[in-house]
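A.B. asks: Sharing a structure below in structure tokens format, with a few things to ask.
Number of protein chains: 2
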Amino acid sequence: MAEQLTEKQQKALAFIRAEIRNHGRPPTLREIGAEIGVSSTNGVRYLLDTLERKGYLSRSPMLSRAIELTERTAVLFPMDDAREVPLIGRVAAGIPLLATENLEGHIRVDRSIASSDETFALRVRGDSMTDAGILEGDVIFAKPQDTANPGDIVVALLGEEATVKYYRPQTDRICLEPANRYYSPIVVERGTPGFRILGRVIGLMRKL
Amino acid sequence: MAEQLTEKQQKALAFIRAEIRNHGRPPTLREIGAEIGVSSTNGVRYLLDTLERKGYLSRSPMLSRAIELTERTAVLFPMDDAREVPLIGRVAAGIPLLATENLEGHIRVDRSIASSDETFALRVRGDSMTDAGILEGDVIFAKPQDTANPGDIVVALLGEEATVKYYRPQTDRICLEPANRYYSPIVVERGTPGFRILGRVIGLMRKL
DNA sequence: TTTCATGGCTGAGCAGCTGACGGAAAAACA
DNA sequence: TGTTTTTCCGTCAGCTGCTCAGCCATGAAA
């Protein structure tokens, strides 16, 4: 599609990128306005809305300097494309997934693998997914979401254990199916306390 | 000189750095506090003052998220712990493996995976190694070497085709064994022209 | 022992920064 | 001419850094 960018839009993108590079932080609306010659924050806001709609950046509402450039901008202005992903160790019940207590470390991977902002990593225990090419000791990357499509491989929390399985929802219960003929599916009633989908598996890394 | 940093100070620095890398913007005082367990913004402020005095970062007053990390921090947390690995496309005979003609692109991975300097990456074609958890489309990482230990998974060049198999050397010939009962081993006489071990597989990455 | 200073922190409140938005006007376009 | 796009101005609410007044533990000084 490659939508056209106006001169102001290009200037704004270039400025945002330069600020991130030079100061490690995106500019505010007023800083952008001063740079590109727009005196109203609403003018800048409108401009950024347009850029967001065209897919050149994404923003988080009600946060200062919450502008993130997207892949598309990276093509225009190439940047470092590695991402740092938290590696979850053991999952402790009642503690948020990404709390320090659960963190084993960080791992850097290409953005093409860890596409989402909040991607997390988990070391696989057990051999219940070997037929899907997921072996014990592998590190899987998951995108946080509390639901999934049938057939997705998901990370699910069962009590204090996180488990990786195929997601097979049924009308009143959920079937977590292993990829190993020696294991049986885990069937959980919907609404079972302590059961939760943590995320969908989007990638994998193995060290031999 | 390397002044001592308390645990909280290290956590704060690591968090700030991770936020800058992953979101392109430094965190606010309250975000830092929530992460490292300091409930008062003044506590965080005090902590940052100390870090600034020790030279690990610099700040601009009265601006949001105005934290910049200094060289010294870069030493503590090396920014370049990711490695850029060449992704080989098709292997053309007679051309060095890493020549531009063979290159499909670059991919960034953690040093823990791509341990060697010369690590290269290859996209897997075919399903001959599925029982070893290596599926079609996976990217494997290999360390260049022209020999290997029995049982290693290797990348071997057979004419113009690169193939991934178990390495089973025998007295006067070499057996390349697939991990899939529907395939037969490839047996090659030692010294066959056009046959060469390109490297040993040391890691793998999959995008789902 | 007591006293004092210091470092590290809490909690509350304030002021300035920052983004969101409505209304109007200018500019561009059909 | 009417319509859409873009900008300005002003205002507001929420985010964010800063200040002030303490608390507590540690350690040195009296």
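Here the protein sequences come in this chain order: G and P.
Yeah, the first sequence ends on 208 if you go by my numbering, and it's all consecutive.
Yeah, the second sequence ends on 1208 if you go by my numbering, and it's all consecutive.
Ideal Cβ placement from N, Cα and C applies to all residues, glycine included.
1. What residue range is occupied by the uninterrupted alpha helix (DSSP H) comprising Arg1020(P)?
2. Val1201(P) and Phe1195(P) - do their beta-carbons sit closer together than 9 Å?
3. I'd like to know if Ala1018(P) contacts chain G, where contact means its C-beta is closer than 9 Å to some C-beta of that chain.
4. Give the interface partners of Ser1112(P) over in chain G, defined as CB-CB distance under 8 Å, in chain order.
5. Under 8 Å between beta-carbons, which chain P residues line up against Val201(G)? List them in chain order, please.
6. So is Asn1149(P) buried or exposed if we call it buried at 16+ other beta carbons inside 10 Å?
7. Count the other C-beta atoms from every protein chain shown that fall within 10 angstroms of the C-beta of Tyr1056(P), then say buried if there are 16 or more, exposed otherwise.
8. Arg1200(P) by DSSP, collapsed to three states: which one?
9. Cβ of Gly1024(P) less than 9 Å from any chain G Cβ?
10. Which of the three DSSP states is assigned to Val1044(P) in this structure?
11. I want to see whether chain G comes within less than 9 Å of Arg1021(P), judged by CB atoms only; does it?
12. Does chain G have any CB closer than 9 Å to the CB of Arg1045(P)?
13. Where do the N-terminal and C-terminal ends of the beta strand (DSSP E) with Ala1162(P) fall, by residue?
14. So, helix, strand or coil for Gly1033(P), using DSSP?
15. Indicate whether Phe1141(P) and Gly1191(P) have their beta-carbon atoms separated by less than 9 Å.
16. For the region 151 to 181 of chain G, list every residue whose C-beta sits within 9 Å of some C-beta in chain P, in sequence order.
17. Is the beta carbon of Val164(G) less than 9 Å from the beta carbon of Phe120(G)?
18. If you count every other CB in all the chains shown that lies within 10 Å of the CB of Met205(G), and 16 or more means buried, which is it?
19. Give the single residue among Ala162(G), Leu157(G) and Gly151(G) whose Cα lies nearest to the Cα of Arg168(G).
20. Where does Ala18(G) land, buried or exposed, given buried means 16+ other C-beta within 10 angstroms?
21. Using DSSP with H/G/I as helix, E/B as strand and the rest coil, what is Glu177(G)?
22. Any chance the region 174 to 187 of chain G sits against the region 1005 to 1023 of chain P, with 3 or more Cβ pairs inside 8 Å?
23. Counting only beta-carbon atoms, is Thr1130(P) nearer than 9 Å to chain G?
24. Looking at the secondary structure, which residues open and close the beta strand (DSSP E) in which Ser58(G) lies?
25. Does Ala1066(P) get closer than 9 Å to chain G when you measure Cβ to Cβ?
26. Taking just the CA atoms, how far does Ala1132(P) sit from Ile1174(P)?
27. For Glu1028(P), I'd like the list of residues in its chain whose CB is within less than 8 Å of its CB, leaving aside the five on either flank, ordered along the chain.
28. In three-state DSSP terms, what is Glu52(G)?
29. May I have the straight-line CA-CA distance separating Glu1136(P) from Thr1147(P), to the nearest angstrom?
30. Would you say Thr1041(P) and Arg1030(P) are within 9 Å of each other, going by their C-beta atoms?
31. One question on the structure: do Ser1112(P) and Ile107(G) come within less than 9 Å of each other, judged by their Cβ atoms?
32. Under three-state DSSP, which class holds Asp1131(P)?
33. Can you list, in chain order, the residues of its chain whose CB lies under 8 Å from that of Pro26(G), leaving out five sequence neighbours each side?
34. Leu13(G) touches chain P at which residues, Cβ-Cβ below 8 Å?
35. Any beta carbon from chain P within less than 9 Å of Ile88(G)'s own beta carbon?
36. Just the C-alpha distance for Ile1153(P) and Leu158(G), rounded to the nearest angstrom, thanks.
C.D. replies: The structure says:
1. Residue identity check: residue 1020(P) is Ile in the sequence provided, not Arg. Glu1007 to His1023 is the span of the alpha helix (DSSP H), which, as asked, contains Ile1020(P).
2. no
3. yes
4. Ile107 and Lys207
5. Leu1208
6. exposed
7. buried
8. strand
9. yes
10. helix
11. yes
12. no
13. Glu1161 to Pro1169
14. helix
15. no
16. Asp152 and Ile153
17. no
18. buried
19. Gly151(G)
20. exposed
21. strand
22. no
23. yes
24. Leu57 to Arg59
25. yes
26. 20 Å
27. Inspection of the sequence shows that residue 1028(P) is occupied by Thr rather than by Glu. Ser1064 and Arg1065, listed in sequence order.
28. helix
29. 25 Å
30. yes
31. yes
32. helix
33. Ile16, Glu19, Ile20, Arg65, Ala66, Ile67 and Glu68
34. Per Cβ cutoff of 8 Å: no residues; Leu13(G) is ~13 Å from chain P at best.
35. no
36. 35 Å
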